[in-house]
Amino acid sequence: MSIQVYGCNHVAIEVGDIEKAVTFYEDVFGLEKLDEGEADAFFQLGEHQFLAMFEHRGMQPDTSDRHFGIMVRDDAQLAQVRHKLTAKYGLKLIEGFRCDFRDPWGNRIQVVDLHDESLIWLLPYREVQKAGVKFAD
Numbered sequence: 038m039s040i041q042v043y044g045c046n047h048v049a050i051e052v053g054d055i056e057k058a059v060t061f062y063e064d065v066f067g068l069e070k071l072d073e074g075e076a077d078a079f080f081q082l083g084e085h086q087f088l089a090m091f092e093h094r095g096m097q098p099d100t101s102d103r104h105f106g107i108m109v110r111d112d113a114q115l116a117q118v119r120h121k122l123t124a125k126y127g128l129k130l131i132e133g134f135r136c137d138f139r140d141p142w143g144n145r146i147q148v149v150d151l152h153d154e155s156l157i158w159l160l161p162y163r164e165v166q167k168a169g170v171k172f173a174d
């Protein structure tokens with residue numbers, strides 16, 4: 038019998054300050070917090086996934102190319118994220134990408150939108166309808 042993978046359940050990252058990280062991710066992405074503890078927090082990340090954060094004081098920023106991606110609806114939302122990252126938080130975008138950045142703790146995040154129809158299957162149909170995505174015949 039072969040294994041059937043249904044998707045990604047969660048992504049876990051380390052942050053240097055859990056309270057600041059919660060504020061940052063709520064502000065930049067409007068994520069809904071599911072739960073939090075003394076040194077951790079969990080956010081809804083799409084229909085069936087979540088983002089787990091664990092505080093690790095004194096951590097060194099990651100400089101590798103490891104990353105995870107967050108999908109937003111369209112280019113306008115992508116532009117909002119870029120503006121907030123650069124204007125409000127003073128973060129630099131990684132050149133050569135539409136919206137790759139390192140959060141204040143060095144975690145690399147890639148933000149994409151639905152311009153690529155190969156990503157559309159990730160959304161519930163009602164979200165596809167809301168997004169108004171049209172495909173060529």
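Residue 38 is where the sequence shown starts when you use this note's numbering, and the numbers rise one by one after that. Glycine residues also receive a C-beta, built at the ideal position from the N, C-alpha and C atoms.
Reference V148, options K125, K129 and V118, closest by Cα: V118
Terminal residues of the alpha helix (DSSP H) in which H47 lies: No alpha helix (DSSP H) contains H47, which is instead part of the beta strand (DSSP E) from H47 to V52.
Three-state secondary structure (DSSP) of Q86: coil
Range covered by the alpha helix (DSSP H) that runs through R119: D112 to H120
Three-state class that DSSP yields for F134 in the structure shown: coil
Nearest neighbour of C45, chosen from K57, F66 and G106 [CA to CA]: G106
Within 8 Å, strictly: CB atoms of D137 and D112: no
Among I55, W142, P98 and L68, the one whose alpha carbon lies nearest that of E84: L68
N-terminal and C-terminal residue of the beta strand (DSSP E) that V149 is part of: R145 to V149
Residue range of the unbroken alpha helix (DSSP H) whose run includes A76: It is not in any alpha helix (DSSP H) - A76 carries neither H nor E in the DSSP assignment.
Secondary structure of E92, DSSP reduced to three states: strand
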